[in-house]
Each structure stands twice: as structure tokens, then as C-alpha cells.
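Sequences listed follow chains A and B, in order. Residue numbers 40 to 485, in this note's numbering, belong to the letters of the first sequence in order. Residue numbers 2 to 250, in this note's numbering, belong to the letters of the second sequence in order.
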Amino acid sequence: FSGAGGGNDIQWCFSQVKGAVDDDVAEADIISTVEFNHSGELLATGDKGGRVVIFQQEQENKTQSHSRGEYNVYSTFQSHEPEFDYLKSLEIEEKINKIRWLPQKNAAQFLLSTNDKTIKLWKISERDKRPEGYNLKEEDGRYRDPTTVTTLRVPVFRPMDLMVEASPRRIFANAHTYHINSISINSDYETYLSADDLRINLWHLEITDRSFNIVDIKPANMEELTEVITAAEFHPNSCNTFVYSSSKGTIRLCDMRASALCDRHSKLFEEPEDPSNRSFFSEIISSISDVKFSHSGRYMMTRDYLSVKIWDLNMENRPVETYQVHEYLRSKLCSLYENDCIFDKFECCWNGSDIVMTGSYNNFFRMFDRNTKRDITLEASRENNKPRTVLKPRKVCASGKRKKDEISVDSLDFNKKILHTAWHPKENIIAVATTNNLYIFQDKMN
Amino acid sequence: MFVRGLKRKCFDGEEDIEGTLAGIKAIPSYNLQRQSLLDMSLVKLQLCHMLVEPNLCRSVLIANTVRQIQEEMTQDGTWQMINTQSTGQASLDRLVSTDILCRSSREQAEGKHVPGYSTFSKDFEGDQAQDNSETMSTASSVQAPRNLQSNVWEMENPQENKGNFQKSLDQIFETLENKSPNSVEELFSEVDNSYYDLDTMLTGMMSNTKMGHCDGLETFSSPSTTTSNSNCKSDLNELDHIVEILVES
Numbered sequence: 040f041s042g043a044g045g046g047n048d049i050q051w052c053f054s055q056v057k058g059a060v061d062d063d064v065a066e067a068d069i070i071s072t073v074e075f076n077h078s079g080e081l082l083a084t085g086d087k088g089g090r091v092v093i094f095q096q097e098q099e100n101k102t103q104s105h106s107r108g109e110y111n112v113y114s115t116f117q118s119h120e121p122e123f124d125y126l127k128s129l130e131i132e133e134k135i136n137k138i139r140w141l142p143q144k145n146a147a148q149f150l151l152s153t154n155d156k157t158i159k160l161w162k163i164s165e166r167d168k169r170p171e172g173y174n175l176k177e178e179d180g181r182y183r184d185p186t187t188v189t190t191l192r193v194p195v196f197r198p199m200d201l202m203v204e205a206s207p208r209r210i211f212a213n214a215h216t217y218h219i220n221s222i223s224i225n226s227d228y229e230t231y232l233s234a235d236d237l238r239i240n241l242w243h244l245e246i247t248d249r250s251f252n253i254v255d256i257k258p259a260n261m262e263e264l265t266e267v268i269t270a271a272e273f274h275p276n277s278c279n280t281f282v283y284s285s286s287k288g289t290i291r292l293c294d295m296r297a298s299a300l301c302d303r304h305s306k307l308f309e310e311p312e313d314p315s316n317r318s319f320f321s322e323i324i325s326s327i328s329d330v331k332f333s334h335s336g337r338y339m340m341t342r343d344y345l346s347v348k349i350w351d352l353n354m355e356n357r358p359v360e361t362y363q364v365h366e367y368l369r370s371k372l373c374s375l376y377e378n379d380c381i382f383d384k385f386e387c388c389w390n391g392s393d394i395v396m397t398g399s400y401n402n403f404f405r406m407f408d409r410n411t412k413r414d415i416t417l418e419a420s421r422e423n424n425k426p427r428t429v430l431k432p433r434k435v436c437a438s439g440k441r442k443k444d445e446i447s448v449d450s451l452d453f454n455k456k457i458l459h460t461a462w463h464p465k466e467n468i469i470a471v472a473t474t475n476n477l478y479i480f481q482d483k484m485n
Numbered sequence: 002m003f004v005r006g007l008k009r010k011c012f013d014g015e016e017d018i019e020g021t022l023a024g025i026k027a028i029p030s031y032n033l034q035r036q037s038l039l040d041m042s043l044v045k046l047q048l049c050h051m052l053v054e055p056n057l058c059r060s061v062l063i064a065n066t067v068r069q070i071q072e073e074m075t076q077d078g079t080w081q082m083i084n085t086q087s088t089g090q091a092s093l094d095r096l097v098s099t100d101i102l103c104r105s106s107r108e109q110a111e112g113k114h115v116p117g118y119s120t121f122s123k124d125f126e127g128d129q130a131q132d133n134s135e136t137m138s139t140a141s142s143v144q145a146p147r148n149l150q151s152n153v154w155e156m157e158n159p160q161e162n163k164g165n166f167q168k169s170l171d172q173i174f175e176t177l178e179n180k181s182p183n184s185v186e187e188l189f190s191e192v193d194n195s196y197y198d199l200d201t202m203l204t205g206m207m208s209n210t211k212m213g214h215c216d217g218l219e220t221f222s223s224p225s226t227t228t229s230n231s232n233c234k235s236d237l238n239e240l241d242h243i244v245e246i247l248v249e250s
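Below, the structure is given as C-alpha cells:
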């Protein structure tokens with residue numbers, strides 16, 4: 040990655056940044072999820088204020104063959120509003136926890152967006168024509184006096200400025216007592232799952248008044264609660280298979296054909312604890328914050344506080360690869376516990392099956408190449424603002440003498456965390472979300 | 002760090018001052034740190050308890066941490082130290098498994114001066130069998146009297162130390178092993194999210210978001226860390242007070 044080596048290494052360049060420049064971050068602008076659609080043409084973000092912003096990639100300009108199309112705002116809409124549950128006296132946050140796109144079937148685009156309690160199916164459609172030439176109405180909509188109508192004509196469609204409309208087509212509500220952390224669309228494109236802290240439900244996209252509970256880990260006695268569900272995903276190819284991760288660092292693979300309630304897993308993935316690293320924080324840092332299948336479906340990746348692990352679905356007793364994201368934080372766990380950073384939930388993403396990416400602090404993000412075993416640390420910052428300038432790799436100095444250009448652990452800004460990243464499904468374009476800005480990087484095209 | 006090969010002795014019935022001080026070398030920092038962690042965790046849980054809608058995952062993880070500490074303290078209750086030199090793998094595992102929490106790894110020890118330990122080890126080097134390769138050798142003699150002072154202060158209150166642990170244990174029992182049927186349920190039940198920001202604010206209040214604040218725990222250098230030895234309950238009362246002010250405003 041860092042320049043030394045073969046021509047296969049990707050050189051990342053800054054492309055764009057979206058969002059306010061101020062250091063003063065408005066709470067509602069905090070980005071809470073980022074997701075490319077299946078073609079990569081659209082990039083959706085959700086924020087704490089319940090809004091969804093969709094960017095569209097420009098068609099490639101033939102004269103500007105050295106860069107790919109830019110992403111520009113395509114549609115913005117308010118997906119969720121804050122609600123008040125009067126029965127329990129609870130406010131329900133409007134923050135968008137996850138967005139998942141459906142594959143495109145017709146001219147319109149569909150996505151699922153969810154907050155803590157309610158999932159919504161949104162249809163995003165374009166309108167670039169409108170009918171003109173009504174008989175009974177003027178162009179501005181006023182009704183004509185019928186006595187003035189002397190001839191009849193057929194209204195025709197005339198072009199108009201492109202308008203992108205978002206409308207909620209389905210609202211899937213009242214199925215979750217606890218906070219929804221994941222949604223995942225099945226490969227049958229008809230059903231999807233939603234997971235909260237203790238339960239996972241299966242929905243049909245057409246049916247909103249019914250869902251099936253497929254996993255329930257709530258103990259009879261809540262005092263016995265020691266483990267929660269942290270993420271869940273359907274297998275990309277097998278429509279009967281899904282996985283869910285837990286706060287104890289385990290992943291369970293379930294087969295829906297086995298029984299209606301998948302309380303018994305088909306496979307349990309767990310790595311035995313390393314006794315030399317044991318501390319009171321061991322369990323907390325083993326809690327898995329994200330789980331993602333590789334595109335092939337042969338592997339899955341999990342993210343815990345300090346590392347990324349790649350699992351082969353055929354081997355349950357340990358991961359095939361482990362990559363340390365920021366091992367230098369291991370000695371700081373007490374401080375990170377005190378300021379709650381230890382509970383930050385980092386996501387991770389794949390490039391196909393070869394490279395994985397995840398975020399860290401100080402607006403750093405990391406990539407690990409499974410084939411070359413090389414890794415790189417990059418920074419999302421407005422300082423590297425020039426398009427087509429290759430990003431400089433960053434390095435954190437854990438201890439001892441700090442070399443020039445290195446940053447020491449104590450200088451890291453723990454308020455600048457990159458929790459959400461996404462990789463274009465087909466090209467080397469990545470979207471990296473800092474607190475309230477969205478950065479787009481692409482590889483250098485020669 | 003832990004000086005291996007030393008017996009940790011009960012504070013009660015201690016005649017040998019040398020042995021006592023040597024005992025302190027091993028006990029206060031680990032137990033004080035564990036106590037600090039316990040206090041911190043209880044405060045965090047208490048905050049959850051006060052807030053209307055806690056993050057369930059976070060609450061569960063903190064509660065599990067508290068339980069872990071509680072179990073260990075119950076096992077350590079007699080303060081009998083397992084002699085690691087004479088026993089085999091099992092006890093070593095035990096020691097390893099209760100490795101220092103806030104404790105920095107060797108790396109940090111190299112980078113940071115830990116006066117409390119290093120001065121003692123230097124002072125008592127001749128008397129104790131030092132098994133500890135992690136002990137720093139860069140202690141300055143100027144530090145020695147001050148640390149001796151603070152540690153003697155600690156020694157003067159052995160009963161209080163023990164009493165505090167007991168109080169904290171009671172606190173845990175109360176919260177987790179419920180006296181009232183609803184207490185733990187409340188811990189995990191859903192709550193008003195409008196207090197969510199209060200949580201963030203308070204947590205942020207109590208610690209800087211950067212590293213600084215916990216340095217005291219990690220390097221265990223300043224005598225001010227002995228305040229963490231103070232009554233867990235008084236900390237919570239103070240917190241209640243803060244919350245009252247904030248809520249009213």
C-alpha cells in the first residue's frame with residue numbers, strides 16, 4: 040500500500056468531502072450510517088437528526104478520463120422523526136441506525152432505513168416529465184370556466200427539471216422492544232431481518248403488520264442477562280442462513296430450515312481467550328460491533344474493539360486471520376473505559392474478499408490486504424484537500440521515541456472517530472464518515 | 002507492578018513493619034485500582050439507573066465487569082496470597098487471570114515513571130527477593146520520602162480499606178442481586194431517552210475525553226489517587242447532587 044511493492048497496491052487520493060466546515064458540530068448532523076447501493080451509483084448517509092441524504096455519481100465525463108464521476112446530492116428527506124412512547128414514557132430517537140439498499144428492479148430505487156424501533160421502506164423515484172395541456176385546468180392548476188372550453192386536446196408529457204421524490208412505502212413498526220442495531224436483506228429479495236439487543240425478527244417486504252421472531256435470547260429473568268445481540272446479517276447467497284454476533288465475542292450461524300425459532304445455532308464461532316492478555320476489560324473489548332460476510336459468502340469479518348477478524352465459515356474454533364487495528368490502545372483501556380470510548384461501535388467493510396477496511400480514532404482509518412498482508416493507515420482530514428493528491432500513510436507511535444511524522448498515542452483525538460465506512464461494490468472508491476463530514480476517496484487512475 | 006514471590010498479608014495482626022510495607026507495595030495499587038474500577042463502574046451503572054433509557058449493551062458489559070470484580074474480591078476476601086514461586090501452573094494462571102486492570106503494559110512502564118513502586122523496590126531491594134523485571138530503575142530519591150509518607154498514610158487506615166471494600170460489595174449486592182425485585186430489572190429496563198444527553202454530559206464531566214484524567218490510575222503516581230479509596234457512597238451522593246442541579250436547570 041505504501042508505495043513500495045507491486046503495481047497492485049492501491050494509491051488512495053482525496054476526491055470530495057461533504058458536510059459543514061465548522062468545528063462546531065450540530066448534533067443532528069452526526070453521520071450514523073453510510074451505504075452504497077448495489078451498482079455504486081448511489082451513496083446514502085443517515086444522520087442523528089433522522090435525515091437521509093443520497094448522493095449520485097455523475098456519469099463519467101469523456102473528457103475527464105482521469106477521474107471517476109463525482110458524487111452530488113441527489114435526494115434529501117426526513118426518514119424518521121423523534122417519537123414519544125406515552126405508555127412507557129420514553130422518547131424514541133430519530134437517529135438512523137442503518138440503511139440497506141434493495142437491488143434495483145425498475146426505474147425507482149428502494150431502501151430500508153431504521154431507527155431504534157421502526158423500519159421504513161422508502162421509494163426514491165425521478166420525475167423529469169409532466170403532463171401539460173389539460174382541458175379543464177390551467178397550467179397553474181386553476182380550474183377553467185367550462186364555458187370557455189371550445190376545443191378538446193390530449194395532454195402531453197413535456198420535459199421538466201429533474202425532481203427526485205422520496206416516499207415511504209412501508210412502515211414496519213411495533214415489533215421491537217429493544218433497540219434495533221441491524222437490518223439485513225435476504226438474497227431472496229423478498230424478506231429481511233431486523234435485530235435488536237435481544238431478538239431478531241424476519242419480515243416480508245410486502246407485509247407490515249406481521250413479523251416472525253427467529254431468535255430470542257431474552258432470559259426469563261432479566262437479572263440473568265449477561266449477553267446481548269450486537270449485529271446480524273443474512274448470508275449473501277444462502278437465503279436460509281444468517282449470522283448474529285454477541286457482546287461476548289461469539290458469532291452464531293443459524294439455519295432457518297432447522298426450526299422456526301433459531302435458538303439453537305448451527306455453528307458457533309468463538310476464539311478462545313488469550314490468557315496473557317486477560318484483564319477486567321477483556322470481555323468488553325471482545326464484544327463484536329459489526330459482522331459482515333465477504334461478497335463470496337465463504338468468509339465473514341468481525342470487528343471488536345481492538346481488532347478485525349476473518350473467519351472461514353468452515354472453521355468455528357478460531358479465525359483464519361486477525362488484524363490489529365490499534366493495538367497501542369491496549370494499555371489505555373482504563374482511560375477508554377472511563378470516557379466511554381471503549382463502548383464505541385466501529386463498523387467494517389469488504390472490498391470483495393481481499394481487502395478489509397475499518398475506522399479508528401483521530402480520524403484515522405485502516406485497510407488490511409489479505410493477500411499481501413500489508414496494511415495502511417490513512418487520515419480523513421480537510422488538510423489533504425487536493426483531488427488526485429495521493430494520501431500520505433500515517434503512523435502512530437506507541438512508545439519510545441517518536442519519529443518525525445508519527446503521532447504519539449497521547450496526542451490522538453478520541454473525539455474524532457471514524458465508525459462508518461463503505462466501499463463501492465465495483466470500483467476502488469470509498470466513503471469514510473467522520474463525525475459530521477463524508478469523505479470520498481478514490482484510487483489514483485493513471 | 003506486582004512484586005512476585007511476596008506473600009500478601011492481612012492488614013490485621015501485622016507486626017513486622019518491614020513485611021507490612023512490603024505487603025503494601027503489592028496490595029494497595031492493585032486493590033486500589035480494582036476499587037477505582039469498581040467505583041467507576043458502579044457510578045456508570047448508577048447513571049444508567051437514573052437515566053430513562055440506557056444503552057442495554059453498555060449496561061450489560063459494565064454489569065459483567067462489576068460482577069467479575071465482585072467475584073474476585075470475594076475470592077480474595079481473606080487476603081491470602083498464593084505463593085507463585087512454589088506453586089505450579091494453576092496459581093500462576095490465577096495471578097495472570099487477575100492481571101492489573103488499569104495497569105499499563107510493560108511498554109508504558111518503560112515510558113512512564115512509577116514512583117510508588119520503584120522507590121520502594123529500591124529502598125527494600127536488599128531485603129526482598131525481587132522477581133520483578135518490570136520494576137523501574139529510574140526512581141529518584143527525592144520521590145522516596147513523599148511516597149513513603151503516602152503509603153504509610155495508607156497503612157494507617159487498613160481497617161478503613163477493608164471496610165470500604167465491604168461497603169462496595171454491599172453496593173454491588175444491592176444493585177445486582179436485588180433486595181428489591183425490580184432493582185436489576187430497572188437497570189436493564191427501558192428508559193426515557195431524553196436523558197441520554199445527560200448521560201453523555203455527565204460522563205464527559207467526570208472525565209476528560211482525552212487521556213489525561215485516568216493517568217493517575219494508570220501510573221499510580223500521585224497521592225491524590227488515595228481519594229479513590231474514599232467511601233463509594235459519598236461519591237454517589239455527590240453525583241446525585243450534580244444530577245439534581247443539571248436536571249433542574
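Don't be surprised by glycine CBs; every beta carbon is placed ideally from N, CA and C.
- prompt: Among all the DSSP beta bridges, which residues are the ones paired with A/Lys-306?
  reply: Answer is A/Leu-292, bridged to A/Lys-306.
Requested in this report: Report yes or no: do the region 147-160 of chain A and the region 204-220 of chain A share at least 3 C-beta pairs separated by less than 8 Å?
Outcome: Judged by Cβ distances under 8 Å, the region 147-160 of chain A makes contact with the region 204-220 of chain A, as three or more pairs qualify.
- [ ] For A/Ser-326, go through chain B and note every residue whose CB falls closer than 8 Å to its CB, in chain order.
- [x] The answer, in chain order, is Cys-58, Leu-62.
**OP:** Would you identify the three-state DSSP class for B/Leu-39, choosing helix, strand or coil?
**Re:** For B/Leu-39, the three-state secondary structure derived from DSSP is helix.
**Study point:** Limits of the alpha helix (DSSP H) - the one that A/Ser-325 falls within
**Key:** 321-325 is the extent of the alpha helix (DSSP H) around A/Ser-325.
Quiz prompt | Three-state class that DSSP yields for A/Asn-476 in the structure shown | solution = The answer is coil: DSSP assigns A/Asn-476 none of H, G, I, E or B.
- Task: Check the Cβ-Cβ distances between B/Asn-65 and every residue of chain A, and say whether any is below 9 Å.
- Result: Chain A has a Cβ within less than 9 Å of the Cβ of B/Asn-65.
- Would you list the one or two residues that DSSP bridges to A/Ser-284? A/Ser-284 pairs with A/Ala-270, A/Ile-290.
TODO: Just mark B/Val-61 as buried or exposed, buried being the case when its beta carbon has 16 or more other beta carbons within 10 Å.
DONE: Counting Cβ neighbours within 10 Å, B/Val-61 comes out buried, since at least 16 surround it.
Note to self: Under DSSP, the alpha helix (DSSP H) around A/Ile-69 begins and ends at which residues?
What the structure shows: It is not in any alpha helix (DSSP H) - A/Ile-69 carries neither H nor E in the DSSP assignment.
If we cut at 9 Å on Cβ distances, does A/Asp-343 have a partner in chain B?
With a threshold of 9 Å between beta carbons, A/Asp-343 makes no contact with chain B.
>> By the three-class DSSP mapping on this structure, what secondary structure does B/Leu-62 have?
In response: Residue state, collapsed to three classes: helix.
Indicate the three-state DSSP secondary structure (helix, strand or coil) for A/Lys-371 in the structure shown. DSSP places A/Lys-371 in helix when its eight states are reduced to three.
- Is it true that the CB of A/Ile-457 sits closer than 9 Å to the CB of A/Thr-367? The sequence shown places Tyr at residue 367 of chain A, rather than the Thr named in the question. No, the Cβ-Cβ distance between A/Tyr-367 and A/Ile-457 is not below 9 Å.
Let's test the definition: count the other Cβ atoms within 10 Å of the Cβ of A/His-77 and tell me whether it reaches 16, buried, or not, exposed. Residue burial annotation: A/His-77 is exposed, with fewer than 16 other C-beta atoms found within 10 angstroms of its C-beta.
* Using alpha carbons as the reference points, say which of B/Lys-45, B/Gly-78, B/Gln-76 lies closest to B/Asn-65. => Out of B/Lys-45, B/Gly-78, B/Gln-76, B/Lys-45 has the C-alpha closest to the C-alpha of B/Asn-65.
Contact criterion: CB-CB distance below 9 Å. Does B/Met-41 meet it with respect to chain A?
Closer than 9 Å to some Cβ of chain A, the Cβ of B/Met-41 qualifies, so yes.
- Under a three-way DSSP split, which group does B/Thr-75 fall into? Helix, per DSSP.
Task: Residue from A/Gln-143, A/Asp-167, A/Ala-472, A/Phe-53 whose Cα sits closest to the Cα of A/Asp-200 - done: Taking A/Asp-200 as reference, the option from A/Gln-143, A/Asp-167, A/Ala-472, A/Phe-53 with the minimal CA-CA separation is A/Asp-167.
Inset, instruction - Closer than 6 Å by C-beta to A/Lys-306: which residues in its own chain qualify, once you throw out the five before and the five after it? Chain order, please. - result: So the qualifying residues of the chain are Leu-292, Glu-355.
- prompt: From this set, A/Gln-117, A/Ile-446, A/Cys-388, which residue's C-alpha is nearest A/Met-406's C-alpha?
  reply: Per the Cα distances, A/Cys-388.
- Among all the DSSP beta bridges, which residues are the ones paired with A/Thr-230? DSSP lists A/His-243 as partners of A/Thr-230.
* Chain-order list of residues whose beta-carbon lies under 6 Å from that of A/Arg-19 (same chain, five-residue window excluded) -> A question about residue 19 of chain A goes unanswered here, because the residues of chain A that appear run from 40 up to 485.
- Query: Do we get a CB-CB distance below 9 Å when we pair A/Val-330 with the residues of chain B?
  - Reply: So, not an interface residue.
| said: Check for me: the beta strand (DSSP E) holding A/Lys-159 runs from which residue to which? | reply: Boundaries of the beta strand (DSSP E) harbouring A/Lys-159: 158-171, taken from the DSSP string.
- prompt: Out of A/Phe-123, A/Pro-142, A/Leu-81, A/Ile-131, which has the shortest C-alpha to C-alpha gap to A/Thr-115?
  reply: For A/Thr-115, the nearest C-alpha among the options comes from A/Leu-81.
- Could you check if A/Asn-260 is buried or exposed, using at least 16 other CB atoms within 10 Å of its CB as the buried criterion? Taking a 10 Å sphere around the C-beta of A/Asn-260, we find fewer than 16 other C-beta atoms and assign the residue as exposed.
Tell me the residue span of the beta strand (DSSP E) that contains A/Tyr-110.
Where A/Tyr-110 is concerned, the enclosing beta strand (DSSP E) starts and stops at 110-117.
Worksheet entry | Within chain B, partners of A/Ser-286 - CB distance below 8 Å | Those within 8 Å of A/Ser-286 in chain B are Cys-58, Val-61, Leu-62.
Interface residues of the region 456-470 of chain A facing chain B [CB-CB below 7 Å]:
The region 456-470 of chain A vs chain B, Cβ under 7 Å: nothing.
Closest to A/Ser-164 by CA distance: which of A/Glu-266, A/Tyr-113, A/Asn-353 is it? The shortest C-alpha separation from A/Ser-164 is found at A/Tyr-113.
- prompt: Taking the runs of the alpha helix (DSSP H) that are 4 residues or longer, which of them lie wholly in the region 332-386 of chain A?
  reply: Uninterrupted alpha helix (DSSP H) stretches at least 4 residues long and entirely within the region 332-386 of chain A occur at 372-377, given in chain order.
- Task: Please check if any C-beta of chain A sits within less than 9 Å of the C-beta of B/Gln-36.
- Result: No - not a single Cβ of chain A is within 9 Å of the one on B/Gln-36.
Worksheet item: What are the uninterrupted segments assigned as alpha helix (DSSP H) that are 4 or more residues long and contained completely in the region 192-230 of chain A, given in chain order?
Response: Fully enclosed alpha helix (DSSP H) runs of 4 or longer: not present.
query = Buried or exposed: where does A/Gly-172 fall if 16 or more other Cβ atoms within 10 Å of its Cβ makes it buried?
reply = Per the 10 Å Cβ criterion, exposed.
Handout entry: Per-residue contacts from A/Thr-416 into chain B (C-beta, under 7 Å)
Key = Under a criterion of Cβ atoms nearer than 7 Å, no residue of chain B is adjacent to A/Thr-416; the nearest Cβ is some 19 Å distant.
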